[in-house]
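Asks: Below: one structure in C-alpha cells.
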Amino acid sequence: MTASDRERPTIKEVIDRYDLMPKKSLGQNFLLDLSLTQKIARCASLTNDDIVIEVGSGPGALTRALLESEAHKIYAIEKDERAIKAADLLKDWYGGRFEILNADALTIDTTRFAMPGKHLKIVANLPYNISTTLLISWLHQVKSFDCFVLMFQKEVADRLVAKPDTKVYGRLSILSQWLCSVEKCFDIAPVAFYPPPKIVSTVVRFTPKKDLIFDAEDFKILETLTHHAFGQRRKMLRQSLKGFIPGTESVLQSLGLDPSLRAENLTIDDFLTLKDYVKERKHLLS
Numbered sequence: 112m113t114a115s116d117r118e119r120p121t122i123k124e125v126i127d128r129y130d131l132m133p134k135k136s137l138g139q140n141f142l143l144d145l146s147l148t149q150k151i152a153r154c155a156s157l158t159n160d161d162i163v164i165e166v167g168s169g170p171g172a173l174t175r176a177l178l179e180s181e182a183h184k185i186y187a188i189e190k191d192e193r194a195i196k197a198a199d200l201l202k203d204w205y206g207g208r209f210e211i212l213n214a215d216a217l218t219i220d221t222t223r224f225a226m227p228g229k230h231l232k233i234v235a236n237l238p239y240n241i242s243t244t245l246l247i248s249w250l251h252q253v254k255s256f257d258c259f260v261l262m263f264q265k266e267v268a269d270r271l272v273a274k275p276d277t278k279v280y281g282r283l284s285i286l287s288q289w290l291c292s293v294e295k296c297f298d299i300a301p302v303a304f305y306p307p308p309k310i311v312s313t314v315v316r317f318t319p320k321k322d323l324i325f326d327a328e329d330f331k332i333l334e335t336l337t338h339h340a341f342g343q344r345r346k347m348l349r350q351s352l353k354g355f356i357p358g359t360e361s362v363l364q365s366l367g368l369d370p371s372l373r374a375e376n377l378t379i380d381d382f383l384t385l386k387d388y389v390k391e392r393k394h395l396l397s
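Our numbering puts the sequence shown at residues 112 to 397.
Pasting the structure below:
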C-alpha cells in the first residue's frame, strides 16, 4: 500500500473526480457506505486462499472492502470505461493484488480466473437488470466456485430462498437450491445507494453443494422443465407440462406425483425425479 488513509478520496469524491454519475442504462446504483461493503465482504469469509471476482466495481466502495480482506487476489469486471480510470487509484494502493478488466460480465468466462490451490468466489453488487441472467450463467459452472455473495432486489432474493407451496417459489428457487445452499445475509435500505433505488436490496450467499453430480444436460432439462411448469403456474401439472412430456398424466402418476397439483406444490426432489425421467428418454426433450 503506497498511500495513507488520509490521502484516499471518499467514494463521493471519486464519483465527482471521474464524472461517475450513475447510468440507468447500465443498471448502476452505487453503494456508498463503506461499513456496508465491509459487511458484504465478511459474508464471503475471505482468506488468503481465495480469488475474488467482482462485477461492476463502479467507484470502488465494495472493491476497497474486498482488498482490505485477506483475499489473495481481486479481479473486477467493469463495462463502464469511466470506472476503469477510477480503479487505477486502487492499483496504486494495493499493487498486484488487484486487476480490473474492461469487459461485459455477460460474455466473459469467469472460470478463467481460477488458480491451482485457490478457491474462486464471486462477490458483487449486481446491476439489477442483469442479475438473474448472470446468476444462471454462473450456476451452469457452479462446480468451479467456492461461493457467491451477491446483491439482488429483495423480491428476487425472496424467490431465491423460497420453499414449495408459496407464491414466490419458482424456477429460480429450484435451480439455485438444487445446486447450492442459499441463505439471505441482510437487507440494505434504498438510502444507502446513489441514486436511491425504489426497492430494498438483499445480500444473498450461495454455497455450492460439493457432492452433487450433474452435467450440462441435467441443467438444460431442469431449466426447460421448470420453464414449462411455472410458465403457467396456476394450471395443474397435467396441463402445464402437456407440451413437454407426452402422456403427462400417466407419467406423473407412474412417478407418484399427483397430476392435479400445481408446479408450486412440487418439491425440488419431485422436479429432479421428473428431470431424470426426461433424461432417460432424451427424444422427449423439445
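C-beta atoms are modelled at their ideal positions from N, C-alpha and C, and glycine is treated no differently.
What you are looking at is a predicted structure, and each value in this text was computed from that prediction instead of being measured.
What first and last residue would you give for the beta strand (DSSP E) that runs through residue 187?
Replies: The residue labelled residue 187 in the question sits at position 76 within the sequence shown. It spans 184-189 - the beta strand (DSSP E) in which residue 187 sits, taken as one unbroken run.
Asks: On the three-state DSSP scale, how would you describe residue 202?
Replies: Within the sequence shown, residue 202 is the residue found at index 91, counting from 1. Helix at residue 202.
Asks: Write down every uninterrupted run of the alpha helix (DSSP H) in the region 118-196 whose length is 4 residues or greater and which is fully enclosed by it, in chain order.
Replies: Here the runs fully enclosed are 122-128, 145-154, 172-178.
Asks: Among all the DSSP beta bridges, which residues are the ones paired with residue 262?
Replies: The sequence position of residue 262 within the sequence shown is 151, counting from 1. Answer is 236, 314.
Asks: When DSSP labels each residue in this structure, what does residue 280 get in the three-state scheme?
Replies: The residue labelled residue 280 in the question sits at position 169 within the sequence shown. Looking at residue 280 - three-state DSSP - the assignment turns out to be coil, as it is neither helix nor strand.
Asks: Looking only at DSSP bridge pairs, what is residue 319 linked to?
Replies: For this step, residue 319 is matched to residue 208 along the sequence shown. Per DSSP, 291.
Asks: Drop a sphere of 10 angstroms on the beta-carbon of residue 238, count the other beta-carbons inside from all chains shown, and report buried for 16 or more, exposed for fewer.
Replies: Working through the sequence shown from its first residue, we reach residue 238 at position 127. Buried, by the Cβ-count rule.
Asks: Name the residue from 384, 317, 318, 299 whose alpha carbon lies nearest to the alpha carbon of residue 309.
Replies: Position 198 of the sequence shown, counting from 1, holds the residue named residue 309. When each option's Cα is compared against that of residue 309, the closest is 299.
Asks: Using three-state DSSP, classify residue 220 as helix, strand or coil.
Replies: Position 109 of the sequence shown, counting from 1, holds the residue named residue 220. Looking at residue 220 - three-state DSSP - the assignment turns out to be coil, as it is neither helix nor strand.
Asks: Sorted by chain position, which residues of the same chain lie with C-beta nearer than 6 angstroms to residue 163's C-beta, five sequence neighbours on each side aside?
Replies: Along the sequence shown, one-based indexing puts residue 163 at 52. Result list for residue 163: 177, 182, 185, 232, 234, in chain order.
Asks: If contacts are defined as beta-carbon pairs under 8 angstroms, then residue 140 and residue 259 qualify, I think. What distance do you get, rounded to the angstrom?
Replies: Mapped onto the sequence shown, residue 140 falls at position 29. Mapped onto the sequence shown, residue 259 falls at position 148. So it is not a contact: roughly 19 angstroms between Cβ atoms.
Asks: Tell me, please, whether the region 197-212 touches the region 144-161 by the rule of three or more beta-carbon pairs shorter than 8 angstroms.
Replies: Touching, no.
Asks: To the nearest whole angstrom, what separates the beta carbons of residue 272 and residue 293, a pair I think is in contact under 8 angstroms?
Replies: On the sequence shown, residue 272 is found 161 positions in, with the first residue counted as 1. On the sequence shown, residue 293 is found 182 positions in, with the first residue counted as 1. So it is a contact: roughly 5 angstroms between Cβ atoms.
Asks: Check whether the region 273-292 and the region 329-341 touch, using three or more Cβ-Cβ pairs below 8 angstroms as the test.
Replies: They touch, by the three-pair rule.
Asks: From 374, 251, 132, pick the residue whose C-alpha is nearest to that of residue 323; which is it?
Replies: Counting from 1 along the sequence shown, the entry for residue 323 is found at position 212. Selected option, being the one with the closest Cα: 251.
Asks: Which word fits residue 378, buried or exposed, when buried means at least 16 other C-beta atoms lie within 10 angstroms of its C-beta?
Replies: As a position in the sequence shown, residue 378 is number 267, starting the count at 1. Per the 10 Å Cβ criterion, exposed.
Asks: Taking 8 angstroms as the limit between beta carbons, can you name the residues of its chain near residue 192, skipping five residues before and five after?
Replies: Here residue 192 refers to the residue found at position 81 when the sequence shown is read from its first residue. The answer, listed in chain order, is 213.
Asks: Check for me: the alpha helix (DSSP H) holding residue 383 runs from which residue to which?
Replies: Here the question's residue 383 lines up with position 272 in the sequence shown. Element bounds for residue 383: 379-391.
Asks: If residue 354 and residue 339 are in contact, beta carbons under 8 angstroms, what's the gap, nearest whole angstrom?
Replies: One-based indexing of the sequence shown puts residue 354 at position 243. One-based indexing of the sequence shown puts residue 339 at position 228. Confirmed, about 7 angstroms.
Asks: Can you give me the start and stop residues for the alpha helix (DSSP H) that residue 360 sits inside?
Replies: Sequence index remark: in the sequence shown, residue 360 carries index 249 (1-based). 359-365 is the span of the alpha helix (DSSP H), which, as asked, contains residue 360.
Asks: For the beta strand (DSSP E) containing residue 211, name the first residue and the last one.
Replies: Along the sequence shown, one-based indexing puts residue 211 at 100. Looking at the DSSP string, the run of the beta strand (DSSP E) that includes residue 211 is 209-213.
Asks: Classify residue 118 as buried or exposed, calling it buried when 16 or more other Cβ atoms lie within 10 Å of its own Cβ.
Replies: Residue 118 sits at position 7 when you count from the first residue of the sequence shown. Classification of residue 118: exposed, given that the 10 Å Cβ count is below 16.
Asks: In this structure, how does DSSP classify residue 257 when only helix, strand and coil are distinguished?
Replies: Taking the first residue of the sequence shown as 1, we reach residue 257 at position 146. The answer is coil: DSSP assigns residue 257 none of H, G, I, E or B.
Asks: Hey, could you find the ends of the alpha helix (DSSP H) residue 327 is sitting in?
Replies: Translated into positions along the sequence shown, residue 327 becomes position 216. Looking at the DSSP string, the run of the alpha helix (DSSP H) that includes residue 327 is 327-342.
Asks: Residues in the same chain with beta-carbon distance under 6 angstroms from residue 138, minus the five sequence neighbours each way, listed in chain order, please.
Replies: The residue given as residue 138 occupies position 27 in the sequence shown. Only 238, 239, 240 meet the Cβ criterion.
Asks: Please indicate yes or no: does the CB of residue 219 lie closer than 8 angstroms to some heavy atom of the ligand SAH?
Replies: Among the components of this structure there are no ligands whatsoever, and the ligand SAH is therefore not found.
Asks: Rounded to the nearest angstrom, what separates residue 365 and residue 274 at their Cα positions?
Replies: What you label residue 365 is simply residue 254 of the sequence shown in a count that begins at 1. What you label residue 274 is simply residue 163 of the sequence shown in a count that begins at 1. The straight-line gap from Cα to Cα measures roughly 25 angstroms.
Asks: Report the rounded CA-to-CA distance for residue 226 versus residue 289, giving the unit in angstroms.
Replies: One-based indexing of the sequence shown puts residue 226 at position 115. One-based indexing of the sequence shown puts residue 289 at position 178. Roughly 26 angstroms separates the two Cα atoms.
Asks: From 167, 146, 149, 156, pick the residue whose C-alpha is nearest to that of residue 133; which is it?
Replies: Residue mapping note: residue 133 aligns to position 22 of the sequence shown, counting from 1. Selected option, being the one with the closest Cα: 167.
Asks: Between residue 114 and residue 194, what straight-line distance do the alpha-carbon atoms span, to the nearest angstrom?
Replies: Within the sequence shown, residue 114 is the residue found at index 3, counting from 1. Within the sequence shown, residue 194 is the residue found at index 83, counting from 1. Because the pLDDT of residue 114 is 45, which lies under 50, any placement of that residue in the model is unreliable, and the number read from its coordinates should be weighed accordingly. If I take the Cα positions, the gap works out to 20 angstroms.
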